[in-house]
Amino acid sequence: MNNAKRRTVIAGNWKMNFTPAEATAFINEIKPMVAGKDNCDIIFCAPYVTIAAAQAAAEGSNIKIGAENVHFAESGAYTGEVSAKMLTACGVEYVIIGHSERRQYFGETDETVNKRTLAALAAGMKVILCLGEVKEQRLAGITREIVSMQTKLDLAGVSAEDMKNIIIAYEPVWAIGTGLTATPEQAEETCGQIREVLVELYGKDVAEATTIQYGGSMNDKNAAELLSKPNVDGGLIGGASLVASKFTAIVDAAQ
Ligand code: PGA
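Below, the structure is given as structure tokens:
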């Protein structure tokens with residue numbers, strides 16, 4: 065973390081968990097636990113149908129509610145999809161784009177991730193852009209090349225000005241939901257490599273101001289060490305974002 069230059073963001077990714085009633089109960093439970101902890105932004109990204117309940121429960125608190133995906137078109141024949149215009153109409157500011165589960169199970173490519181990102185930015189949203197290597201790529205020693213390529217392709221057409229609305233989540237795919245966490249050194253190294261790509265694309269000032277999170281089995285036990293690294297500016301948290309005490313411990317580690 066490097067609080068002087070950029071904001072620390074601790075974001076939960078609920079994935080396909082929590083009904084509206086469960087989300088309400090969860091937010092009501094965690095709200096007092098994170099109250100006043102303002103050294104980081106706290107966001108929970110929720111399934112579409114759960115967003116309104118979570119927002120209502122979070123009202124007046126330091127918790128923000130985001131979405132887990134967004135389509136690139138404004139409207140039209142895209143069954144099952146939701147547009148940025150719809151999300152902003154519902155008061156949703158943050159959206160995850162390019163999560164590896166979307167890439168793996170739903171055919172998302174760097175091209176569609178880029179289109180979704182541009183659409184979300186055009187609608188005034190803030191994007192948590194996920195990228196990261198799979199296990200074979202890490203073993204082959206090409207992590208740097210992979211994240212560099214993803215960063216460039218996913219951000220194609222994103223202006224330096226728009227970068228203030230981009231958070232990058234570095235998520236090694238082999239660490240997501242597996243209990244295998246990148247070591248703090250691995251997280252630091254790859255987040256630093258992503259920042260070098262941002263220097264190349266946008267210059268030092270923008271690169272230094274961009275929040276780069278680590279994600280992949282971050283939890284109450286390993287968060288403090290991961291977050292102590294200078295290029296790790298927060299976390300995108302799956303499993304541990306469903307348990308109030310664990311998530312709060314991560315927020316505490318970021319204080
Ligand atoms: P995990 O998920 O914390 O359960 O590994 C992280 C993510 O998918 O964003």
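Going by our numbering, the letters in the sequence shown line up with residues 65 to 319, in that order. Backbone N, C-alpha and C define an ideal beta-carbon position, used for all residues, glycine too.
TODO: Could you tell me if the beta carbon of residue 103 falls within a distance shorter than 7 Å of some heavy atom in ligand 1?
DONE: Counted from its first residue, the sequence shown places residue 103 at position 39. For ligand 1, not one heavy atom lies less than 7 Å from the Cβ of residue 103.
Task: Candidates 95, 74 and 109: closest to residue 81 by CA position - done: By one-based count along the sequence shown, residue 81 stands at place 17. Comparing Cα-Cα distances from residue 81 to each of 95, 74 and 109, the minimum goes to 109.
Open item on the list: For residue 269, report the span of its alpha helix (DSSP H) as first-last.
Closed with: Position 205 of the sequence shown, counted from the start, is the residue given in the question as residue 269. Unbroken alpha helix (DSSP H) run through residue 269: 268–273.
TODO: Kindly indicate the opening and closing residues of the beta strand (DSSP E) around residue 72.
DONE: Here residue 72 corresponds to residue number 8 of the sequence shown, with the count starting at 1. Unbroken beta strand (DSSP E) run through residue 72: 72–77.
- [ ] Return yes when the Cβ of residue 317 is within less than 8 Å of the Cβ of residue 288, no when it is not.
- [x] Here residue 288 corresponds to residue number 224 of the sequence shown, with the count starting at 1. Here residue 317 corresponds to residue number 253 of the sequence shown, with the count starting at 1. Yes, the pair counts as a contact, with Cβ atoms nearer than the cut-off.
TODO: Give the DSSP-derived three-state secondary structure of residue 204 in the structure shown.
DONE: Looking up residue 204 in the sequence shown gives position 140. Looking at residue 204 - three-state DSSP - the assignment turns out to be coil, as it is neither helix nor strand.
Open item on the list: Can you tell me whether residue 143 is buried or exposed? The criterion is at least 16 other CB atoms within 10 Å of its CB, across all chains shown.
Closed with: Looking up residue 143 in the sequence shown gives position 79. Exposed: under 16 other Cβ atoms inside 10 Å.
Open item on the list: Count Cβ pairs between the segment 94–114 and the segment 259–269 that sit closer than 8 Å; are there 3 or more?
Closed with: no
Task: residue 221 beta carbon less than 8 Å from that of residue 211 - done: The sequence position of residue 211 within the sequence shown is 147, counting from 1. The sequence position of residue 221 within the sequence shown is 157, counting from 1. Not a contact, by the Cβ cut-off of 8 Å.
Open item on the list: So, for residue 71: in the same chain, excluding its five sequence neighbours on each side, which residues have a beta-carbon less than 7 Å away from its beta-carbon?
Closed with: Locating residue 71 in the sequence shown gives position 7, counting from the first residue. 105 and 275, listed in sequence order.
TODO: Under 7 Å Cβ to Cβ from residue 286, same chain only, skipping five residues before and after it: list those, please.
DONE: Indexing the sequence shown from 1 puts residue 286 at position 222. Cβ neighbours of residue 286 beyond the five flanking positions: 245.
Open item on the list: With a threshold of 7 Å (Cβ to nearest heavy atom), would residue 77 be considered close to ligand 1?
Closed with: In the sequence shown, the residue the question calls residue 77 occupies position 13. It does: the Cβ of residue 77 is within 7 Å (strictly closer) of some heavy atom of ligand 1.
Task: Rounded separation between residue 47 and residue 214 - CA only - done: In the structure as shown, the chain begins at 65 and stops at 319. Residue 47 is therefore absent and cannot be evaluated.
Open item on the list: Could you pull the DSSP bridge partners for residue 169 from this structure?
Closed with: Against the sequence shown, residue 169 aligns to sequence position 105. Answer is none; residue 169 lacks a bridge partner.
- [ ] Using 7 Å as the cut-off, classify the Cβ of residue 235 as near or not near the heavy atoms of ligand 1, replying yes or no.
- [x] Counting from one through the sequence shown, the residue named residue 235 turns up at place 171. Residue 235: yes, Cβ under 7 Å from ligand 1.
Open item on the list: With a threshold of 7 Å on Cβ separation, who are the neighbours of residue 227 within its own chain once the five nearest residues in sequence on each side are excluded?
Closed with: Indexing the sequence shown from 1 puts residue 227 at position 163. So the list reads 266, 270 and 274, once near-sequence residues are dropped.
Task: Endpoints, beta strand (DSSP E) assigned at residue 108 - done: Here residue 108 corresponds to residue number 44 of the sequence shown, with the count starting at 1. Segment 104–110, the beta strand (DSSP E) holding residue 108.
Task: DSSP three-state assignment for residue 277, whether helix, strand or coil - done: For the purposes of this step, residue 277 is taken as residue 213 along the sequence shown, with counting starting at 1. Strand.
Task: residue 246, DSSP secondary structure in three states - done: Locating residue 246 in the sequence shown gives position 182, where the first residue counts as 1. Residue 246: coil per DSSP, three-state reduction.
Task: Own chain, CB closer than 8 Å to residue 282, minus 5 neighbours either side, in chain order - done: Position 218 of the sequence shown, counting from 1, holds the residue named residue 282. Same-chain partners within the cutoff: 245, 290, 299, 300, 301, 304 and 314.
TODO: Compute the Euclidean distance between the alpha carbons of residue 295 and residue 252, then round it to the nearest angstrom.
DONE: Taking the first residue of the sequence shown as position 1, residue 295 is located at position 231. Taking the first residue of the sequence shown as position 1, residue 252 is located at position 188. Taking the straight line joining both Cα atoms gives about 6 Å.
Task: Nearest candidate by alpha-carbon position, reference residue 126, set 91, 186 and 83 - done: Taking the first residue of the sequence shown as 1, we reach residue 126 at position 62. Of 91, 186 and 83, the residue nearest in Cα terms is 91.
Task: Cβ shell of residue 256 (< 6 Å), same chain only, five flanking positions each side left out - done: Here residue 256 refers to the residue found at position 192 of the sequence shown. So the list reads 295, once near-sequence residues are dropped.
Open item on the list: Taking its Cβ as the centre, do 16 or more other Cβ atoms sit within 10 Å of residue 169, making it buried, or is it exposed?
Closed with: Looking up residue 169 in the sequence shown gives position 105. Result: exposed.
Open item on the list: Using a Cβ distance threshold of 8 Å, determine whether the segment 228–247 contacts the segment 189–204, with at least three qualifying pairs required.
Closed with: yes
TODO: Kindly indicate if chain D contains any beta-carbon less than 8 Å away from that of residue 136.
DONE: The chain inventory of the structure shown lacks chain D, comprising one protein chain alone.
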